[in-house]
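**Student:** The sequence shown runs 359 to 494 under my numbering. Using N, Cα and C, we set each Cβ at its ideal position, and we do this for glycine too. Note that the coordinates shown come from a computational prediction; the quantities given were computed from them, not determined experimentally.
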Amino acid sequence: SWRDETPLKRTDAAPLSQSLLATGFQYVASWRAAQARVVAQILPQVRDIRRLGACSVDLCLVAAGDLDVYYENGLNPWDFAAGALVAEEAGVRIGAADGGPAHHGLLIAAMPRVWEELRDAIVAAGGESPWDTPTV
Numbered sequence: 359s360w361r362d363e364t365p366l367k368r369t370d371a372a373p374l375s376q377s378l379l380a381t382g383f384q385y386v387a388s389w390r391a392a393q394a395r396v397v398a399q400i401l402p403q404v405r406d407i408r409r410l411g412a413c414s415v416d417l418c419l420v421a422a423g424d425l426d427v428y429y430e431n432g433l434n435p436w437d438f439a440a441g442a443l444v445a446e447e448a449g450v451r452i453g454a455a456d457g458g459p460a461h462h463g464l465l466i467a468a469m470p471r472v473w474e475e476l477r478d479a480i481v482a483a484g485g486e487s488p489w490d491t492p493t494v
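1) If you measure between the beta carbons of A448 and R368, is that distance less than 8 Å?
2) Around the Cβ of G382, are there at least 16 other Cβ atoms within 10 angstroms (buried) or fewer (exposed)?
3) Would Y385 be called buried (16 or more neighbouring beta carbons within 10 Å of its own) or exposed?
4) Straight-line CA distance for E474 to E363?
5) Among residues of its own chain, excluding the 5 on either side of V420, which ones have a beta-carbon nearer than 6 Å to its beta-carbon?
6) With a threshold of 16 other CB atoms inside 10 Å of the CB of N434, please say whether the residue is buried or exposed.
7) Cα separation between L476 and I407?
8) Please classify D426 as buried or exposed, where buried requires at least 16 other C-beta atoms within 10 Å of its C-beta.
9) Is it right to say A371 is buried, meaning 16 or more other beta carbons lie within 10 angstroms of its own, or is it exposed?
10) Once you ignore the five residues that flank A422 on each side, which residues in its own chain have a CB closer than 6 Å to its CB?
If you want it as structure tokens, here you go:
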């Protein structure tokens, strides 16, 4: 992966307490309420949180080091596939809560050194579980 003329290769990893975290929110009100409860528990554990709006862009920003970590629940493969490829090529670990490949459930992106700590914080906050079936 490249940014202009520069190859993207992350080797650094801020501790979770100093990490700038990005996440996204679903459009369905019941899911957003559940996601807000998770964010409220995670916010004290990180430096700050951003919400930019496009998962693939967020993953590219993690790859470039502009963001430190990212997570979101309820994505579709087309939401993250391109950005996940860029991030993985840059050395970012992308995966589901169980450590397997990312899928429709929870996607976590972080440098390997902090990935499990972020995952544990999300799981403890209730962020790995799918929420009630969305109703519009």
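**Tutor:** Short version:
1) A448 places its beta carbon less than 8 Å from that of R368.
2) buried
3) The residue is exposed, with fewer than 16 neighbouring Cβ atoms inside 10 Å.
4) 32 Å
5) Answer for V420: Y428, A445, V450, A467, listed in chain order.
6) exposed
7) 13 Å
8) buried
9) buried
10) R361, L366
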